[in-house]
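Read through the structure below, which is laid out as structure tokens, and then see the notes.
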Amino acid sequence: MEECVNYPDLHNKVALVMGIGQTASDNPSAWDNGAAVALRLSQNHAIVFGCDLDLTAAEYTKSGLPGPCTVMAADVTSASDVSKVVDACMSMYGHIDILVNNVGRASSGEAVSMSEEGWESQLRIHLGNIYLACHKVMPIMRAQDHGSIINCALNAGVEYRGKPQNGYSAAKAAVVHFTRAMAAIFAKDGVRLNCVVPGSISMPLVKEGTHSRGDAIGDIFGKRMQHNLFFDQLGSPFDVADAVAFLASAAAKCITGHSLVIDDGLAVPTGT
Numbered sequence: 063m064e065e066c067v068n069y070p071d072l073h074n075k076v077a078l079v080m081g082i083g084q085t086a087s088d089n090p091s092a093w094d095n096g097a098a099v100a101l102r103l104s105q106n107h108a109i110v111f112g113c114d115l116d117l118t119a120a121e122y123t124k125s126g127l128p129g130p131c132t133v134m135a136a137d138v139t140s141a142s143d144v145s146k147v148v149d150a151c152m153s154m155y156g157h158i159d160i161l162v163n164n165v166g167r168a169s170s171g172e173a174v175s176m177s178e179e180g181w182e183s184q185l186r187i188h189l190g191n192i193y194l195a196c197h198k199v200m201p202i203m204r205a206q207d208h209g210s211i212i213n214c215a216l217n218a219g220v221e222y223r224g225k226p227q228n229g230y231s232a233a234k235a236a237v238v239h240f241t242r243a244m245a246a247i248f249a250k251d252g253v254r255l256n257c258v259v260p261g262s263i264s265m266p267l268v269k270e271g272t273h274s275r276g277d278a279i280g281d282i283f284g285k286r287m288q289h290n291l292f293f294d295q296l297g298s299p300f301d302v303a304d305a306v307a308f309l310a311s312a313a314a315k316c317i318t319g320h321s322l323v324i325d326d327g328l329a330v331p332t333g334t
């Protein structure tokens with residue numbers, strides 16, 4: 063784990079992290095994005111409040127943070143659960159300075175093979191949760207005259223990755239534009255909104271999805287990564303977390319409506 067950049071202005075900021083759980087608790091070196099984000103913010107002396115569908119995974123993340131952290135179980139596709147999380151955070155601290163929307167899980171299928179339920183589930187998981195969180199948190203940040211919201215999209219939302227994940231890709235593309243539109247609307251209120259757009263990051267969910275397929279699509283995707291990664295390695299969750307910490311900080315005070323791609327050059331056309 064690399065040493066983190068220090069952002070003094072994050073000291074005592076309250077950061078609400080949606081999707082904070084660390085799934086591979088049996089392997090301390092296998093981090094998830096949300097857990098890595100929580101650690102980077104905590105290392106910068108932010109106060110972390112997080113939720114996850116899996117409370118055990120959230121508690122595991124909490125146990126590894128150097129600073130204060132509160133976690134609770136929540137389904138972020140549920141309006142009532144999101145309300146409970148935001149209300150609990152406000153009850154404890156009275157303000158929310160940073161919101162990180164990190165929840166997601168890819169599902170395969172294109173328009174012909176994907177069921178309506180599968181399509182709607184992908185939109186709900188990847189786009190609906192961001193709407194619900196912003197719906198609850200934006201009025202708080204507007205009243206404060208400041209705030210930073212970072213949404214996690216994915217390069218599947220800006221390019222075709224060689225895998226038939228139409229619902230997932232469409233939802234992630236919508237996250238990018240939702241963020242840009244919200245950034246334009248709420249800039250006057252002192253609230254910044256940005257996206258991080260990871261490529262294939264070395265974390266448990268990606269490894270599971272890439273190596274467990276054992277089919278032609280998985281082989282094509284693996285070969286594409288092998289040919290197009292400029293640095294001969296996948297990025298780590300801490301590359302994503304470093305980007306989130308930067309965008310949350312005053313170092314990014316003039317940045318809003320931006321999508322920061324973190325993909326080792328995977329999306330750059332190389333002809334291979």
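So the sequence shown is numbered by our numbering: it starts at 63 and just counts up by one.
C-beta: ideal position from N, C-alpha, C; glycine also.
Cβ-based burial, residue i [other Cβ within 10 Å; buried from 16]
i, result
"Arg167", "exposed"
"Pro260", "buried"
"Met176", "buried"
"Cys316", "exposed"
"Thr118", "exposed"
"Met154", "exposed"
"Ala278", "At Ala278, the pLDDT of 46 sits below 50, so the modelled position is not reliable; the number obtained from the coordinates is stated separately. Classification of Ala278: exposed, given that the 10 Å Cβ count is below 16."
"Val302", "buried"
"Pro299", "buried"
"Asn68", "exposed"
"Ala97", "buried"
"Met304", "The sequence given here places Asp at residue 304; Met does not occur at that position. That one is buried."
"Ser231", "buried"
Per-residue DSSP class, three states only, for residue i
i, result
"Arg186", "helix"
"Ser321", "strand"
"Ser175", "coil"
"Ala77", "strand"
"Val162", "strand"
"Leu309", "helix"
"Gly297", "strand"
"Ile279", "At Ile279, the pLDDT of 44 sits below 50, so the modelled position is not reliable; the number obtained from the coordinates is stated separately. Residue state, collapsed to three classes: helix."
"Val67", "coil"
"Gly156", "coil"
"Thr272", "Its pLDDT being 47, under 50, Thr272 is placed unreliably by the model, and the measurement read from it follows with that caveat. If DSSP states are grouped into helix, strand and coil, Thr272 belongs with the helices."
Cross-strand partners of residue i (DSSP beta bridge)
i, result
"Pro260", "Ile324"
"Arg254", "Ser210"
heavy atom of the ligand NAP below 7 Å from residue i C-beta
i, result
"Val199", "As for the ligand NAP, it is missing from this structure, which has no ligand bound."
Residue-chain proximity (residue i, chain B), Cβ-Cβ < 8 Å
i, result
"Gly261", "Among the chains of the structure shown, chain B does not appear; only one protein chain is present."
Taking the runs of the alpha helix (DSSP H) that are 4 residues or longer, which of them lie wholly in the region 81-153?
Qualifying alpha helix (DSSP H) stretches, in chain order: 95-105 and 117-125.
Indicate whether the contact test is met: 3 or more Cβ pairs, each with one atom in the region 175-192 and one in the region 249-260, closer than 8 Å.
The count of Cβ pairs closer than 8 Å, one atom from the region 175-192 and one from the region 249-260, stays below three, leaving the stretches out of contact.
Is the region 123-130 close to the region 143-163, with three or more CB pairs under 8 Å?
no
Using 8 Å as the cut-off, can you tell me whether the region 70-80 makes contact with the region 103-121, which would need three or more C-beta pairs spanning the two stretches below that distance?
yes
Determine contact between the region 317-324 and the region 107-118, defined as no fewer than three beta-carbon pairs at a distance below 8 Å.
Taking a cut-off of 8 Å on C-beta distances, the region 317-324 does not touch the region 107-118, as fewer than three cross pairs fall below it.
Considering only residues of the region 191-252, which uninterrupted alpha helix (DSSP H) runs meet the minimum length of 4 residues and lie entirely inside it, listed in chain order?
191-206 and 228-248
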